Structures are given as C-alpha cells and as structure tokens.
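So the structure is just underneath, and the comments pick up after that.
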Amino acid sequence: MYKDLYLLKINGMSNDAFKLRRVNVMRYITPLREGGSLPALADADDDFKYVIKFRGAGHGSKALIADLIGGEIARFLGFKVPEIVFAHLDEAFGRTEGDEEIQDLLKGSQGLNLGLHFLSGAINYDPVVTEIDPETASRIVWLDAYLTNIDRTFRNTNMLSWHNELWLIDHGASLYFHHSWINWEKTAKTSFAFIKDHVLLPQASELEKANSELKKKLTPEVLEDIVNLIPEDWLIWEGADESPAEIREVYLKFLKIRLTHSEIFTKQAQDARESLI
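In structure tokens:
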C-alpha cells in the first residue's frame with residue numbers, strides 16, 4: 001500500500017515532468033550519519049517522510065545542485081529515482097534541537113533545501129547478493145561517467161532495492177568541477193578516471209550501446225529544463241564573480257559539451273572494464 005500511495009503521488013506529476021513540488025519540513029526525526037553532510041529523515045506537511053539534504057552542510061548548495069541535476073537526469077533517462085522535492089525550513093525550525101552541531105546545521109539551512117522521498121523498508125544494493133543485467137549496468141555506468149559521479153562504488157553503492165526494483169539515490173558527489181570552477185570547459189571534455197571504481201563496471205558490457213541510446217535522449221531542451229530547476233538562491237555563491245544567471249549557464253554548457261564528447265568518457269569506461277576482466 002505504501003508503494004501504491006507513493007507511485008500515485010508521483011504519477012500525478014506526469015504533466016509537469018520538470019516541475020518539483022515544494023514541501024514544508026515539520027519535524028526533524030533523526031540524522032543519517034552515513035556521510036559527512038548530515039542528511040536527516042524528516043516529516044513534511046504532505047504527510048510523507050523525506051531524506052533532507054541541507055544547504056548548510058559541507059559543500060553547501062553545490063551538493064544540492066549536483067543531487068538535483070543528477071537525480072532528474074537519471075529519472076528522465078528511465079531510472080527509478082525517489083521523488084525530489086524542494087524542502088523549506090522555517091527560520092524557527094530546529095531551535096529546540098539539543099545537539100549543537102545539528103542545531104547549527106539547521107540554522108544555516110533556512111529556506112529551500114532538497115528532499116528525497118523516503119523509501120520505507122528499502123535495503124542497500126549488495127553486489128554480492130544481486131547481479132544487475134549488462135544493459136542496466138552499462139546505462140548506470142554511462143550515467144555516472146557523464147555526471148562525473150565519484151560515489152557509486154563497492155564501498156558506497158548509492159543504490160537501493162525497494163519492492164524488488166533498483167533505485168538510484170544520492171548524486172551529490174556528481175559534477176565535481178564546480179568545487180574548483182577552473183577550466184570547466186576543458187574538464188567537460190575529459191575522461192573520468194574514477195569510473196574504474198564503479199560497482200557495476202564488471203557487468204557493463206554494453207557501454208557503446210548505452211552511449212548511443214542515452215545521448216540521443218538528452219536534448220539541449222531537456223538539459224535546459226533540468227538546469228532551470230535550480231533555485232536562484234542556490235546560485236548565490238560567496239566570492240563568485242559570476243551572477244546566478246551566469247553560473248546557471250555554465251552548468252548547462254558543461255552538460256552540453258560533455259554530452260557532445262561522450263565518446264571520451266565512454267571509451268575510458270570500456271578501457272577500465274577491460275583491465276578488470
């Protein structure tokens with residue numbers, strides 16, 4: 001029943017493929033300390049639970065931007081991704097929190113944050129227990145090479161099994177070029193050496209097919225619609241010379257350029273796989 005309610009909710013968004021809902025966070029339930037960014041499980045005013053990624057954490061709004069872009073590109077390409085929402089924190093939220101670290105995090109995260117629908121009962125994907133078919137594995141490896149996602153490894157697969165289906169989560173470590181913001185055009189045309197550590201690389205025997213099929217789907221219009229989802233206040237960076245509009249344009253150009261040169265990172269992934277098998 002839980003799954004039916006969730007799917008009914010997201011299916012109702014079919015006419016607004018690139019429009020995210022906004023919810024208000026009502027109750028902080030518990031921190032999820034798997035990573036350094038201190039995401040948390042929380043209740044929202046739509047009576048659903050969400051994993052909240054906070055703009056006041058480690059990499060700030062850049063991690064939220066990567067999660068948003070990566071998650072929505074993955075969803076558009078047909079992967080199962082928990083619904084992403086904008087999660088609003090009122091300025092009074094968290095004042096009663098006893099943990100000072102968490103209280104500071106919440107104070108620094110007032111306004112819009114990112115929420116992923118909580119998949120109750122989901123379990124982490126275990127490559128030892130479950131083997132993914134070559135086509136799916138190749139598509140996921142291609143996606144992560146395109147997004148320069150360094151965080152889908154044996155150590156941290158960032159995939160869940162929920163109701164016997166594979167779901168992709170947590171793309172916050174993608175698009176790492178934005179942490180230096182130097183020579184981004186050159187970076188867009190490079191291979192992706194970290195793909196050698198991808199948990200699904202051994203099964204990814206159809207990378208050329210994945211490149212051919214997925215590249216065609218990501219039209220400039222689709223990429224622009226996804227990048228336009230980024231809230232403007234997530235693009236106001238301390239010390240940045242560019243305006244929010246200029247920063248948004250860099251994200252869009254990076255994605256377009258990288259897609260145009262997809263054969264570079266596709267070959268890198270193929271070569272890395274050959275060295276494993």
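Counting in UniProt numbering, the sequence shown runs from 1 upward without gaps.
No residue lacks a Cβ here, since even glycine has one placed at the ideal position from N, Cα and C.
As the structure is a computational prediction, the values presented were derived from the model and not from experiment.
From which residue to which residue does the alpha helix (DSSP H) around Thr187 run? Start and end: 184–188.
Using DSSP with H/G/I as helix, E/B as strand and the rest coil, what is Pro231? Correct three-state label for Pro231: coil.
Buried versus exposed call for Ile230 [16 or more other C-beta atoms within 10 Å across all chains shown]: Residue environment analysis places Ile230 among the buried positions, since at least 16 neighbouring C-beta atoms fall within 10 angstroms of its C-beta.
If I measure Cβ to Cβ from Val227 and keep anything under 8 Å in the same chain, skipping five residues before and after, which residues do I get? Ile69, Arg248, Tyr251, Leu252, Leu255, listed in sequence order.
Terminal residues of the continuous alpha helix (DSSP H) containing Asp43? Unbroken run through Asp43 is the beta strand (DSSP E), 40–44; no alpha helix (DSSP H).
Spatial neighbours of Gln203 within its chain, please: C-beta separation below 7 Å, excluding the five flanking residues on both sides. Non-local C-beta neighbours of Gln203 in its own chain, meaning closer than 7 Å and more than five positions away in sequence, comprise Glu131, Ile132, Pro134, Ala137, ordered along the chain.
Nearest by alpha-carbon distance to Ala188: which of Trp167, Phe265, Leu214, Glu221 is it? The residue from Trp167, Phe265, Leu214, Glu221 with its alpha-carbon nearest to that of Ala188 is Phe265.
Write down the C-beta distance between Ala92 and Leu175 rounded to the nearest angstrom, noting that I regard them as a contact closer than 8 Å. Incorrect: roughly 33 Å between the Cβ atoms, too far for contact.
Bridge-paired residues (DSSP) for Glu165: According to DSSP, which records beta bridges pairwise, Glu165 is partnered with Trp162.
Rank Ile84, Leu218, Asp45, Trp237 by C-alpha distance to the C-alpha of Leu20 and give the top, closest one. Considering only alpha carbons, the answer is Ile84.
Kindly list the residues whose CB is nearer than 6 Å to the CB of Ala269, restricted to its own chain and excluding five residues on each side of it in sequence; keep chain order. Val141, Ala145, Ile195, Leu207.
Leaving out five residues before and five after Ala122 in sequence, what residues of the same chain have Cβ atoms less than 6 Å from its Cβ? Closer than 6 Å at the Cβ level, and outside the excluded window around Ala122, lie Leu160, Trp162.
Taking the Cβ atom as the reference point for each residue, do Ala57 and Ala87 lie within a distance shorter than 8 Å? With a cutoff of 8 Å on beta-carbon distance, Ala57 and Ala87 are scored as not near each other.
At the level of alpha carbons, what is the spacing between Arg55 and Trp184? In this structure, the alpha-carbon of Arg55 lies about 23 Å from that of Trp184.
Is it true that the CB of Gly111 sits closer than 8 Å to the CB of Val51? No, the Cβ-Cβ distance between Val51 and Gly111 is not below 8 Å.
Tyr6 burial status per 10 Å Cβ neighbour count (16 or more: buried): Since pLDDT at Tyr6 reaches only 47, below the 50 mark, its modelled position is unreliable, and no value is offered.
Going by the beta-carbon positions, is the gap between Leu168 and Asn113 smaller than 8 Å? Going by beta carbons, Leu168 and Asn113 fall outside the 8 Å limit.
Check whether the Cβ atoms of Lys215 and Leu259 sit closer than 8 Å, and answer yes or no. It is a contact, given that the beta carbons lie within the stated cut-off.
Rounded C-alpha distance that separates Gly78 from Glu165: Using only the alpha carbons, I get a separation of about 13 Å.
Boundaries of the alpha helix (DSSP H) in which Lys267 is found, first to last residue: Note, Lys267: alpha helix (DSSP H), 262–274.
State the DSSP-derived secondary structure class of His171, mapped to helix, strand or coil. Correct three-state label for His171: coil.
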